[in-house]
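Numbering (this note's numbering), first residue to last: 21 to 258.
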């Protein structure tokens with residue numbers, strides 16, 4: 021009786037169906053697609069922004085005069101090789117209607133971390149005197165030293181006022197200067213850069229970037245490198 025039940029159970033399955041390998045190829049295809057989607061999501065994931073409070077290189081402070089705070093939002097491209105070299109010092113200056121701020125060095129307060137890295141949005145809190153008026157532009161100055169190639173690619177630069185909750189898109193300029201030591205860095209705020217700097221070909225236009233184009237941007241850059249102009253490499257002019 022037990023042998024009859026066993027034979028009936030086995031007869032429910034066809035021998036040819038048990039030898040069909042299509043199901044294994046199907047499962048393998050689903051597994052490959054899952055791993056591929058996971059890797060793409062991992063590579064293009066949005067990282068946590070670095071928030072740093074910046075202080076001016078000058079000795080004086082703004083406590084005796086009215087001041088306000090601005091957050092400089094700098095987004096670096098997702099393309100490979102877009103990070104800024106850790107040996108390059110980066111300074112920013114805010115241009116107002118009635119004056120300019122001193123040059124402020126952008127740096128991290130955490131050991132082992134670098135700013136302006138690929139796919140990262142860095143937030144810099146800056147204290148600005150109110151007497152310079154409405155902010156109209158930003159100037160980024162990079163010290164190249166012996167390195168004449170700056171691989172940093174900017175995706176977007178914005179200025180946010182926490183008091184008024186207004187986000188602005190001021191004009192942005194990129195400049196370079198050859199300084200290497202800390203002593204020369206301190207002289208930056210006292211010297212006129214009109215003759216010392218070299219302007220880079222990086223005056224970029226504002227653009228809107230939705231989530232779809234954000235994920236398609238690396239693929240479009242590989243397939244159509246001449247048509248993609250969403251990122252702006254910092255290249256020195258001779």
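Virtual Cβ for every residue (Gly too), placed ideally from N, Cα, C.
Hey, residue 93 and residue 141: beta-carbon distance below 8 Å or not? yes
Quick check on the burial criterion: 16 or more other C-beta atoms within 10 angstroms. Buried or exposed for residue 133? exposed
Counting only runs of 3+ residues fully inside the stretch 81-114, write out the beta strand (DSSP E) ranges in chain order. 87-96
According to the neighbour-count rule (16 or more other Cβ atoms, all chains shown, within 10 Å of its Cβ), is residue 96 buried or exposed? buried
Exposure of residue 121, with buried meaning 16 or more beta-carbon neighbours within 10 Å: buried
Simplified DSSP assignment, three categories, for residue 170: coil
Do residue 126 and residue 90 have their C-beta atoms within less than 8 Å of each other? no
Presumed contact (8 Å Cβ cut-off) between residue 87 and residue 147, rounded CB distance: 5 Å
Give me, in chain order, the residues of the same chain whose beta-carbon lies closer than 6 Å to that of residue 159; leave out the 5 immediate sequence neighbours on both sides. 113 and 193
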